[in-house]
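Asker: Take a look at this one; I'll ask things after.
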Amino acid sequence: MAFTPASRAAVTDLSRLPEDELRVRVLARPRPRHIAIIMDGNGRWATRRGLPRVAGHHQGVKAVRETVRVAGELGVEYLTLYAFSSENWQRPENEVSFLMTLLERTIDGELPDLQAKNVRFRVIGRPDGIPPRVRRRVDHVVAETAANTGLTLVLALNYGARDELVDAVRRLAEEVRGGARDPGEIDEAAVSRALYTDGIPDPDLLIRTSGEMRVSNFLLWQIAYTELWVTPTLWPDFGGRDLCVAVADYQRRDRRFGRV
Ligand code: FPP
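Positions 90 to 349 (this note's numbering) are the ones given, in order, by the sequence shown.
Next up, the structure:
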């Protein structure tokens, strides 16, 4: 969709609707199967309140909880959240260690609720580098929820799209070297299957909070034809209502996938 003053006004119109009306509107039309979110703005949220940056991450967990709940209620099949990028290790050590502990505690503490909501939990990213105590909890929740049939919640953890492509190329090269694959047989489907997201459809909608207009090394292969939606709202302030506005806006778009 072209970003014009008219389209900006249309989004404003949607955000003025009461939440229940928005939900009725969203539920009346096909929803995106897969929504991916770059959760940005936690640090700014905290700094604006005179709080340490980590307070923004703490508050961000509440937004995660609400987004997972509402995505499930809307019948979204996959929700991918960018929780920790491969570049995030360069943050101050206290922030990295706070985030790891927050992830460990949150993932563990949410297990009963994920089960109650029939959510399947999955992780994408390089496992190395993640503290073993966090990995153990993550693996436990992945295993415990593996048979659930509702929303699949995909957490991008120590994730970088370029790392993912490098890992996929290495995997395919190993298969060629081992004689299991002919180079001429490597097509788009083979590359997709070699990515961490094997078996997950490409995102239909990518949401980024806090207004930055970039994709930050997130799902670069998978978002080739994804619809983008950027909101100035900071992640800790993002809620079910914002998700409905994004989906309602998505539902008005004409997806052409390069065709006319
Ligand atoms: C970006 O905000 C946010 C992150 C790097 C971390 C995201 C983590 C959470 C929302 C909490 C834990 C999540 C789960 C799934 C339990 P930023 O710090 O870059 O904000 P800034 O751009 O304002 O500095």
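Quick reminder that beta carbons are idealized off the backbone N, C-alpha and C, glycines included.
Nothing here was measured: the structure is a model prediction, and the numbers come from that model.
Over the uninterrupted beta strand (DSSP E) stretch that includes R270, give me the two end residues.
Answerer: The count along the sequence shown starts at 1 and reaches residue 270 at position 181. From DSSP, R270 is part of no beta strand (DSSP E); its letter is neither H nor E.
Asker: Return the CA-CA distance between V113 and L106, expressed in angstroms with no decimal places.
Answerer: To locate residue 113, count along the sequence shown from 1; it is residue 24. To locate residue 106, count along the sequence shown from 1; it is residue 17. One C-alpha to the other measures close to 11 Å.
Asker: For F368, collect the residues of the same chain with a Cβ closer than 6 Å to its Cβ; drop the 5 residues on either side in sequence, then sort them by chain order.
Answerer: In the structure as shown, the chain begins at 90 and stops at 349. Residue 368 is therefore absent and cannot be evaluated.
Asker: Out of curiosity, what's the CA-to-CA distance linking G288 and A278?
Answerer: What you label residue 288 is simply residue 199 of the sequence shown in a count that begins at 1. What you label residue 278 is simply residue 189 of the sequence shown in a count that begins at 1. Each residue's Cα considered, the two are about 11 Å apart.
Asker: Decide if E253 is buried, meaning its Cβ has at least 16 other Cβ atoms within 10 Å, or exposed.
Answerer: Stepping through the sequence shown from its first residue, residue 253 is reached at position 164. Answer is buried; the Cβ neighbour count reaches 16.
Asker: Assign S174 to buried or exposed, taking buried as 16 or more other Cβ atoms, counted over all protein chains shown, within 10 Å of its Cβ.
Answerer: As a working mapping, residue 174 is identified with position 85 in the sequence shown. Buried, because 16 or more other Cβ atoms sit within 10 Å of the Cβ of S174.
Asker: Looking at the unbroken alpha helix (DSSP H) that takes in N131, where does it start and where does it end?
Answerer: In the sequence shown, counting from the first residue as 1, residue 131 sits at position 42. N131 -> alpha helix (DSSP H) spans N131 to T136.
Asker: Hey, how far is the Cα of A269 from the Cα of I213?
Answerer: One-based indexing of the sequence shown puts residue 269 at position 180. One-based indexing of the sequence shown puts residue 213 at position 124. One C-alpha to the other measures close to 25 Å.
Asker: Measuring CA to CA, which of P220, D202 and A257 is closest to T286?
Answerer: To locate residue 286, count along the sequence shown from 1; it is residue 197. The option with the nearest alpha carbon to T286 is A257.
Asker: Take the Cβ of M302 as the centre, count every other Cβ of all protein chains shown within 10 Å, and call the residue buried at 16 or more, exposed below.
Answerer: As a position in the sequence shown, residue 302 is number 213, starting the count at 1. M302 is exposed by the Cβ-count criterion.
Asker: Taking the alpha-carbon of R341 as reference, which of E108, E110, R118 and D109 has the nearest alpha-carbon?
Answerer: Counting from 1 along the sequence shown, the entry for residue 341 is found at position 252. Here the closest residue by C-alpha is R118.
Asker: If you reduce the DSSP assignment to three classes, tell me which class N183 lands in.
Answerer: Here residue 183 refers to the residue found at position 94 of the sequence shown. Three-state DSSP puts N183 in a helix.
Asker: Taking just the CA atoms, how far does L170 sit from R187?
Answerer: The residue given as residue 187 occupies position 98 in the sequence shown. The residue given as residue 170 occupies position 81 in the sequence shown. Residue 187 is actually Phe in this sequence, not Arg. Distance between the alpha carbons of F187 and L170: 18 Å.
Asker: Do L332 and A160 have their C-beta atoms within less than 8 Å of each other?
Answerer: On the sequence shown, residue 332 is found 243 positions in, with the first residue counted as 1. On the sequence shown, residue 160 is found 71 positions in, with the first residue counted as 1. Yes, the pair counts as a contact, with Cβ atoms nearer than the cut-off.
Asker: DSSP three-state call for A337: helix, strand or coil?
Answerer: Locating residue 337 in the sequence shown gives position 248, counting from the first residue. Reduced to three states, the DSSP call for A337 is helix.
Asker: Whole alpha helix (DSSP H) runs in the stretch 250-305 with 4 or more residues, listed along the chain?
Answerer: Qualifying alpha helix (DSSP H) stretches, in chain order: 250-266 and 277-283.
Asker: Strictly by DSSP, which residues pair up with F210?
Answerer: In the sequence shown, the residue the question calls residue 210 occupies position 121. DSSP output for F210 lists L242 as bridge partner(s).
Asker: Can you tell me the Cα-Cα spacing of V265 and G300, whole angstroms?
Answerer: Taking the first residue of the sequence shown as 1, we reach residue 265 at position 176. Taking the first residue of the sequence shown as 1, we reach residue 300 at position 211. In a straight line, the C-alpha of V265 is about 43 Å away from that of G300.
Asker: Leaving out the 5 sequence neighbours to the left and right, which residues in its chain are closer than 7 Å to E193 when beta-carbon positions are compared?
Answerer: Sequence index remark: in the sequence shown, residue 193 carries index 104 (1-based). The answer, listed in chain order, is R222, V223 and R226.
Asker: Could you give the residue range of the beta strand (DSSP E) that holds T156?
Answerer: Looking up residue 156 in the sequence shown gives position 67. Taken as a continuous stretch (DSSP letters only), T156 belongs to no beta strand (DSSP E), being part of the alpha helix (DSSP H) at R142 to L163.
Asker: By how many angstroms is the C-alpha of N183 removed from the C-alpha of A125?
Answerer: Indexing the sequence shown from 1 puts residue 125 at position 36. Indexing the sequence shown from 1 puts residue 183 at position 94. About 27 Å.
Asker: Would L294 and L240 be called neighbours here (beta carbons separated by less than 8 Å)?
Answerer: Looking up residue 294 in the sequence shown gives position 205. Looking up residue 240 in the sequence shown gives position 151. Taking 8 Å as the Cβ cut-off, L294 and L240 do not qualify as a contacting pair.
Asker: Where does I312 fall in DSSP's three states?
Answerer: Counting from one through the sequence shown, the residue named residue 312 turns up at place 223. Coil, per DSSP.
Asker: So the alpha helix (DSSP H) A205 belongs to, where does it begin and stop?
Answerer: Numbered from its first residue, the sequence shown carries residue 205 at position 116. From DSSP, the alpha helix (DSSP H) with A205 extends over L200 to A205.
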